[in-house]
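Asks: Handing you this structure, nothing more for now.
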Amino acid sequence: MSNAEIAVVVLAAGKGTRLKSGLAKVLHRAGGRTLVEHVVRSAWAMRPASVLVVVGHQADDVAAVVAPLGARTVVQEPQRGTGHAVQVARAVISKSAKYALVVPGDAPLLRAETLDALARAHTASGAAATILSAMLQDPAGYGRILRKQDGSVAAIVEEKAATPEQRAIREVNSSTYAFTLEKLWPCLEELQPENVHRELYLTDAIALLDQRGEKVIAEIAADPHEILGCNTRAELAEVDRVFRARKRAALMEAGVTIQLPETVLVDPDVSIGPDTVIEPAVQLLGATRIGAGCTVRTGSVISDSRLDDNVTVRQHCVVTNCRLGAGCVVGPFAHLRDGAELRPGARVGNFVEVKKSVLHEGVKAMHLTYLGDAEVGRDTNVGAGTITCNYDGVRKNPTKIGERVFVGSGTELVAPVEVGDGAYIAAGSTITENVPAESLAIARERQVTKPGWVAERRARQSEKTKLENRKSKFGPKPTSEKKRRAAKTKRR
Ligand code: UD1
Ligand code: CA
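Shown next, in the form of structure tokens:
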């Protein structure tokens, strides 16, 4: 079968009342992506002719997420149910499409392989509709599959309309279906809003097909997790948990060590090389790429960054949009951000912030330092407490430090400023002018030392205390009886 005859229709117009959110349900995130993005990606991965997303609630925002993925959208306004959503889609589904795969926008764990298998089962059986079902321990909230004697499907009954016996059925509707369109269209026209919500239910089309003598089958998903919907915050958390576990399992399979894996959060696009060790409570986010043989120690959060091989990120670092060359060591407690680039072998220690700066090979900035808009040449040592004063209140100014420079502790570099190769800056300097290569710059108050000053002060002080003691011996100035009484009452 060619999937080129298949149009995928993603139902994503609903509000998601049960989430109690200002954000449309399909825009909530799980496993590092919006729900609808997961669904559209899986849809494309089975290579259909087209992917169409039915939008309604916050339509523009949902369209903005799916358009870059190459999906078309159609607006359902108002949203009168899942059956109505497919009616709306009908106008835009290409006439050349023979089948539709209908997929709910809130079931993001569904995999392309499962969709593909559903499509194959559908065409092989010649059924008018094939439902993806699942056996759940707790089927509460889902529509139940009513099978006939021969195993084919008679109807789907929604939980609210189900009898106690029907509620005991553990086989549920995933809301993912394959339909043969020429069979589906006449039934869709007959849908009636005969339910508590006064909506047109796509599930009712199943009974209508059966009544017309059409064959409906249900294929049970091998992994019931895949059909989990996200109607509540608890379900969202559960789905997120499954995504994260899948990602970690794939990384471990590829040779990554993850300690206490359930505490580690990794976004879907992150890649990690073999023999890298990820310690507990680490987050690896966005488009982060980590090489082989790296160590990311506990509590660190790395976003949108690239780490080459053998990098060590020690405890509790925040690394955002950075590039760390091979063998770099950073942290503990380092904050690297906004395009900071550490060339191979550079080292950054505790309580160091680096922003939009390049630290060349072998640079060391080990303690309590801020480097912003700076370039630091190779093998330069940046002393403890060095600060680039890069912001003048209006704009950010650059600092350029050459190679093999010694920047003494407690230096302030007032940008824009340049320090030449091999220069030496005395500790505690406030550098406001360029320092030529190979020269020493001292920019601080000369020290004043007063010999014997402490002893003199001590003598002065003891003289003062003696005087005061004498005063108190002869008692305070006599006060009148009246005044003393007043003070006493006040104290009470
Ligand atoms: C639906 C099924 C139920 C199934 C469950 C699986 C119906 C009537 N019930 O229930 O049998 O077990 O999914 O998760 O179909 N949507 C629209 N337009 C609308 C209404 C909904 O696009 O007018 C979209 C929603 O955004 C959502 C999807 O359709 O992505 C499913 O709707 P939802 O309200 O979540 O249906 P359930 O109550 O979960
Ligand atoms: Ca749902």
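Okay, so the sequence shown: first residue is 41 according to this note's numbering, each after it adds one. Every residue gets a Cβ at the ideal spot worked out from N, C-alpha and C, and that includes glycine. Because the structure is a prediction, the values reported are computed rather than measured.
1) To which residues of the same chain is Thr-472 closer than 8 angstroms at the C-beta, ignoring the five residues directly before and after it?
2) With DSSP collapsed to three states, give me the class of Val-369.
3) Quick check on Met-41: buried or exposed, where buried means 16 or more other Cβ atoms within 10 Å of its Cβ?
4) Between the Cα of Gly-423 and those of Glu-415, Gly-433 and Thr-409, spot the shortest distance and give me the residue it belongs to.
5) What residue range is occupied by the uninterrupted beta strand (DSSP E) comprising Cys-429?
6) Return helix, strand or coil for Gly-96, following the three-state DSSP convention.
7) Ligand 2 and Pro-264: does the residue's C-beta get closer than 8 angstroms to at least one heavy atom of that ligand?
8) Please determine if the segment 100 to 112 and the segment 288 to 308 are in contact, where contact requires at least 3 C-beta pairs separated by less than 8 angstroms.
9) Ser-512: buried (16+ other C-beta within 10 angstroms of its C-beta) or exposed?
10) Among Ala-366, Lys-395, Gly-379 and Pro-438, whose alpha-carbon lies nearest the alpha-carbon of Ala-386?
11) Regarding Gly-269 and ligand 2, is the C-beta to nearest heavy atom distance less than 8 angstroms?
12) For Leu-399 and Ala-327, I'd like the C-alpha separation in whole angstroms.
13) Roughly how many angstroms lie between the CA atoms of Arg-444 and Glu-478, to the nearest whole one?
14) Check each candidate in Val-76, Arg-346 and His-375 and name the one with the smallest Cα separation from Gln-355.
15) Within its chain, find whatever has a CB closer than 8 angstroms to the CB of Thr-297; leave out the 5 residues flanking it on each side and keep chain order.
16) Taking only the alpha-carbon atoms, compute the straight-line gap between Glu-199 and His-68 and give it to the nearest angstrom.
17) From this set, Val-115, Asn-43, Ser-136 and Arg-120, which residue's C-alpha is nearest Leu-158's C-alpha?
18) What is the DSSP secondary structure of Pro-144, reduced to helix, strand or coil?
19) Taking the beta strand (DSSP E) that Ile-196 belongs to, which residues open and close that run?
20) Thinking C-beta only, is Ser-215 closer than 9 angstroms to Gly-183?
21) Using only the heavy atoms of ligand 1, determine whether one of them is closer than 8 angstroms to the beta carbon of Lys-188.
22) Does the Cβ of Ser-215 lie closer than 8 angstroms to at least one heavy atom of ligand 2?
23) Pick out whichever of Asp-190, Gly-191 and Met-175 has its Cα sitting closest to the Cα of Pro-264.
24) Among the candidates Gly-462, Leu-75, Ala-467 and Gly-468, whose CA atom is the shortest distance from the CA of Val-475?
25) Going straight from the alpha carbon of Gln-323 to that of Val-114, what length do you get?
26) With a Cβ-Cβ cutoff of 9 angstroms, do Ser-173 and Glu-229 count as a contact?
27) If we call anything under 9 angstroms between Cβ atoms a contact, is Gly-123 one with Tyr-241?
28) Would Ala-47 and Ala-140 qualify as a contact pair, given that the criterion is a beta-carbon distance under 9 angstroms?
29) Quick check: is any heavy atom of ligand 1 less than 8 angstroms from the C-beta of Gln-98?
30) Am I right that Gly-448 and Ala-467 are in contact with their C-beta atoms under 8 angstroms? What's the rounded C-beta distance?
31) Between Val-341 and the rest of its own chain, which residues show a CB-CB distance below 6 angstroms, the 5 nearest in sequence each way excluded?
32) Just checking my contact of Val-79 with Val-143 at CB under 8 angstroms: how many whole Å lie between their CB atoms?
33) Is Pro-148 near ligand 1 - that is, is its Cβ less than 8 angstroms away from at least one heavy atom of it?
34) Identify which residue in Ala-89, Gly-181 and Asp-344 has its Cα closest to the Cα of Ser-136.
35) For Ile-185, which residues of its own chain have a beta-carbon under 8 angstroms away from its beta-carbon, when the five flanking residues on both sides are left out?
Replies: Straight from the coordinates:
1) The count along the sequence shown starts at 1 and reaches residue 472 at position 432. Close CB contacts of Thr-472 within its chain, under the 8 angstroms cut and outside five residues either way in sequence, are with Val-454, Val-457 and Ala-483 (chain order).
2) In the sequence shown, the residue the question calls residue 369 occupies position 329. Strand, per DSSP.
3) Residue 41 sits at position 1 when you count from the first residue of the sequence shown. Unreliable placement is indicated for Met-41, whose pLDDT of 43 sits below 50; the coordinate value is still reported in the next sentence. Exposed, since its Cβ has fewer than 16 Cβ neighbours within 10 Å.
4) Indexing the sequence shown from 1 puts residue 423 at position 383. For Gly-423, the nearest C-alpha among the options comes from Thr-409.
5) Residue numbering aside, residue 429 sits at position 389 when the sequence shown is read from its first letter. Here the beta strand (DSSP E) through Cys-429 covers 427 to 429.
6) Position 56 of the sequence shown holds residue 96. Strand at Gly-96.
7) Within the sequence shown, numbered from 1, the residue matching residue 264 stands at position 224. Not so, every heavy atom of ligand 2 lies at least 8 angstroms from the Cβ.
8) Short answer: they don't touch.
9) Within the sequence shown, residue 512 is the residue found at index 472, counting from 1. So Ser-512 counts as exposed.
10) As a working note, residue 386 is residue 346 in the sequence shown. For Ala-386, the nearest C-alpha among the options comes from Ala-366.
11) The residue given as residue 269 occupies position 229 in the sequence shown. Yes, the Cβ of Gly-269 comes within 8 angstroms of a heavy atom of ligand 2.
12) Walking along the sequence shown from the start, residue 399 turns up at place 359. Walking along the sequence shown from the start, residue 327 turns up at place 287. If you draw a straight line from the Cα of Leu-399 to the Cα of Ala-327, it comes to about 22 angstroms.
13) Working through the sequence shown from its first residue, we reach residue 444 at position 404. Working through the sequence shown from its first residue, we reach residue 478 at position 438. Rounded to whole angstroms, Arg-444 to Glu-478 spans 9 angstroms at the Cα level.
14) Residue 355 sits at position 315 when you count from the first residue of the sequence shown. A check of alpha carbon separations from Gln-355 across Val-76, Arg-346 and His-375 identifies His-375 as the nearest.
15) As a position in the sequence shown, residue 297 is number 257, starting the count at 1. Contacts found: Asp-315, Thr-316, Val-317 and Ile-318.
16) Translated into the one-based positions of the sequence shown, residue 199 becomes position 159. Translated into the one-based positions of the sequence shown, residue 68 becomes position 28. Counting only the Cα atoms, His-68 lies some 25 angstroms from Glu-199.
17) For the purposes of this step, residue 158 is taken as residue 118 along the sequence shown, with counting starting at 1. Minimum Cα distance to Leu-158 is reached at Asn-43.
18) Here residue 144 refers to the residue found at position 104 when the sequence shown is read from its first residue. Three-state DSSP puts Pro-144 in a strand.
19) Here residue 196 refers to the residue found at position 156 when the sequence shown is read from its first residue. Segment 193 to 197, the beta strand (DSSP E) holding Ile-196.
20) On the sequence shown, residue 183 is found 143 positions in, with the first residue counted as 1. On the sequence shown, residue 215 is found 175 positions in, with the first residue counted as 1. Yes; because the gap between Cβ atoms is below 9 angstroms, this pair is in contact.
21) The residue labelled residue 188 in the question sits at position 148 within the sequence shown. Flag unset: Cβ of Lys-188 not near ligand 1.
22) Locating residue 215 in the sequence shown gives position 175, counting from the first residue. True, at least one ligand heavy atom lies under 8 angstroms from that Cβ.
23) Indexing the sequence shown from 1 puts residue 264 at position 224. Of the candidates Asp-190, Gly-191 and Met-175, the one whose C-alpha sits nearest the C-alpha of Pro-264 is Met-175.
24) Residue mapping note: residue 475 aligns to position 435 of the sequence shown, counting from 1. Checked all of Gly-462, Leu-75, Ala-467 and Gly-468; the closest Cα to Val-475 is Gly-462.
25) To locate residue 323, count along the sequence shown from 1; it is residue 283. To locate residue 114, count along the sequence shown from 1; it is residue 74. In this structure, the alpha-carbon of Gln-323 lies about 37 angstroms from that of Val-114.
26) Indexing the sequence shown from 1 puts residue 173 at position 133. Indexing the sequence shown from 1 puts residue 229 at position 189. It is not a contact, given that the beta carbons lie outside the stated cut-off.
27) Residue mapping note: residue 123 aligns to position 83 of the sequence shown, counting from 1. Residue mapping note: residue 241 aligns to position 201 of the sequence shown, counting from 1. In contact: Gly-123 and Tyr-241 (Cβ atoms closer than 9 angstroms).
28) Counted from its first residue, the sequence shown places residue 47 at position 7. Counted from its first residue, the sequence shown places residue 140 at position 100. A contact, by the Cβ cut-off of 9 angstroms.
29) What you label residue 98 is simply residue 58 of the sequence shown in a count that begins at 1. Ligand 1 never approaches Gln-98 closely enough for any of its heavy atoms to be under 8 angstroms from the residue's Cβ.
30) Taking the sequence shown and counting its residues from 1, one reaches residue 448 at position 408. Taking the sequence shown and counting its residues from 1, one reaches residue 467 at position 427. Yes, they are in contact, since the Cβ atoms of Gly-448 and Ala-467 sit about 3 angstroms apart, within 8 angstroms.
31) In the sequence shown, counting from the first residue as 1, residue 341 sits at position 301. Once the five neighbours on either side are set aside, the close Cβ partners of Val-341 are Gln-323 and Val-358.
32) On the sequence shown, position 39 is the one that residue 79 refers to. On the sequence shown, position 103 is the one that residue 143 refers to. Confirmed, about 6 angstroms.
33) In the sequence shown, residue 148 corresponds to position 108, counting from 1. No, the beta carbon of Pro-148 sits no closer than 8 angstroms to any heavy atom of ligand 1.
34) Here residue 136 is taken as the residue at index 96 of the sequence shown, counted from 1. When only C-alpha atoms are compared, the closest one is Ala-89.
35) What you label residue 185 is simply residue 145 of the sequence shown in a count that begins at 1. Correct list, in chain order: Ile-171, Ser-173, Val-193, Ile-196, Ile-209, Glu-211, Val-212, Asn-213 and Ala-258.
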